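The opening residue of the sequence shown carries number 115 in my numbering; numbering runs sequentially from there. We treat Cβ as the ideally placed atom computed from N, Cα and C, and that holds for glycine. Being a predicted model, the structure only gives us computed values, none of them experimental.
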Amino acid sequence: MENREIGIEEARKILGDLASEAGYLGRSIILTRKGKPIARIAPLKETSEDPRFANMPDAIIADLLHDTAASVAAAYTRLGRAAQTAEAKATAKEKAKEAWLIKRRTLSRGEMISEIQHLNSVLDKLKTEYDV
């Protein structure tokens with residue numbers, strides 16, 4: 115499994131997502147400062163799977179991913195409509211587009227589960243911060 119590198123400042127913003135990536139995909143994340151590796155977030159086990167998905171067929175997980183991506187895209191669309199600046203509208207539009215494009219990607223079971231968890235955390239954040 116390949117390692118991913120991310121700057122420590124960016125990692126602070128998305129620590130929960132990085133922990134999920136390590137735990138559910140079995141991927142190590144290398145933390146860097148000024149481009150130099152300083153630490154690693156690594157899975158406790160080779161791979162683990164969220165128990166809610168253990169007996170769920172891949173097709174159902176794919177449907178859940180598509181539905182979750184659509185919810186995120188809709189939330190960003192609402193956020194864009196309510197935005198006060200052109201920059202905020204453009205950012206929201208780009209985020210909505212990214213969520214829609216997830217449907218076109220071919221993902222493994224673990225990647226789909228990780229994406230669902232990530233999208234759910236995005237939805238929670240949007241609901242908390244922007245009430246969308």
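List the DSSP bridge partners of K247.
Outside the displayed range of the chain (115 to 246) lies residue 247, so it cannot be described from this structure.
Going by beta carbon distance, what residues of the same chain come within less than 7 Å of H130, once the five residues before and after it are set aside?
The sequence position of residue 130 within the sequence shown is 16, counting from 1. Going by the sequence as given, residue 130 is Gly instead of His. Answer for G130: S235, listed in chain order.
Around the C-beta of E208, are 16 or more other C-beta atoms found within 10 angstroms, so that it is buried, or is it exposed?
Counted from its first residue, the sequence shown places residue 208 at position 94. It counts as exposed.
Out of curiosity, what's the CA-to-CA distance linking A136 and D172?
Sequence index remark: in the sequence shown, residue 136 carries index 22 (1-based). Sequence index remark: in the sequence shown, residue 172 carries index 58 (1-based). If you draw a straight line from the Cα of A136 to the Cα of D172, it comes to about 21 Å.
In angstroms with no decimal places, state the Cα-to-Cα distance between W214 and R126.
If you number the sequence shown from 1, residue 214 lands on position 100. If you number the sequence shown from 1, residue 126 lands on position 12. About 26 Å.
Going by alpha carbons, who is nearest to H180 out of M226, D245, R154, I144?
Your numbering for residue 180 matches position 66 in the sequence shown. For H180, the nearest C-alpha among the options comes from M226.
Taking R218 as part of the alpha helix (DSSP H), name the residues at either end of that continuous run.
The sequence position of residue 218 within the sequence shown is 104, counting from 1. No residue range can be given for R218, since it is assigned to no alpha helix (DSSP H) and is classified by DSSP as neither H nor E.
Tell me which residue opens and which closes the alpha helix (DSSP H) that G194 is part of.
Here the question's residue 194 lines up with position 80 in the sequence shown. It spans 172 to 196 - the alpha helix (DSSP H) in which G194 sits, taken as one unbroken run.
Taking its Cβ as the centre, do 16 or more other Cβ atoms sit within 10 Å of L158, making it buried, or is it exposed?
For the purposes of this step, residue 158 is taken as the residue at position 44 of the sequence shown. When all chains shown are included, L158 counts as exposed.
Quick one: Cα of A183 to Cα of I216, how far?
In the sequence shown, the residue the question calls residue 183 occupies position 69. In the sequence shown, the residue the question calls residue 216 occupies position 102. Rounded to whole angstroms, A183 to I216 spans 7 Å at the Cα level.
Identify which residue in R147, R141, R166 has its Cα closest to the Cα of A156.
For this step, residue 156 is matched to residue 42 along the sequence shown. Cα-wise, what sits closest to A156 is R141.
Since I128 is in the alpha helix (DSSP H), which residue starts that stretch and which ends it?
Here the question's residue 128 lines up with position 14 in the sequence shown. Counting along the chain, I128 falls outside any alpha helix (DSSP H), and DSSP gives it neither H nor E.
As assigned by DSSP and simplified to three states, the class of G121:
The count along the sequence shown starts at 1 and reaches residue 121 at position 7. Strand at G121.
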